[in-house]
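Student:
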Amino acid sequence: AEANPAQIERAALKSELDQTRTQLQRHAKKDLQRFSQDSSNFLNVFFESTSLADLWARMTGK
1 AEANPAQIER AALKSELDQT RTQLQRHAKK DLQRFSQDSS NFLNVFFEST SLADLWARMT
61 GK
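Each residue of the sequence shown is one higher than the one before, counting from 1 in the UniProt record's numbering.
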């Protein structure tokens with residue numbers, strides 16, 4: 001390790017980069033799933049509404 005500190009530093013940076021990539025992928029997947037669910041819920045409300053007033057009431061809760 002003392003003979004090649006640059007290699008140790010590169011390995012540490014690669015490990016950190018790999019961890020960041022994994023975390024980013026996990027968050028992106030979770031966000032895409034949430035977006036998909038939210039958009040499905042919105043479309044269900046939209047298509048199940050019988051009138052504009054009904055749609056407004058469903059969306060606003062009023």
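Ideal Cβ positions, reconstructed from N, Cα and C, are used throughout, including at glycine.
#1: Could you round the C-beta distance between leucine 55 and phenylalanine 46 to whole angstroms and report it? I think they count as a contact, below 8 Å.
#2: If you run the structure through DSSP and keep just helix, strand and coil, what is lysine 14?
#3: Who are the near neighbours of serine 49 in its chain, counting only those whose CB is closer than 7 Å to its CB and skipping five residues on each side?
#4: Could you tell me which whole alpha helix (DSSP H) segments of length 4 or greater appear in the stretch 5-56?
Tutor: Working from what's here:
#1: The residue given as residue 55 occupies position 55 in the sequence shown. The residue given as residue 46 occupies position 46 in the sequence shown. That pair is a contact at about 7 Å.
#2: Taking the first residue of the sequence shown as position 1, residue 14 is located at position 14. Correct three-state label for lysine 14: helix.
#3: Looking up residue 49 in the sequence shown gives position 49. Closer than 7 Å at the Cβ level, and outside the excluded window around serine 49, lie Leu55 and Arg58.
#4: 5-48
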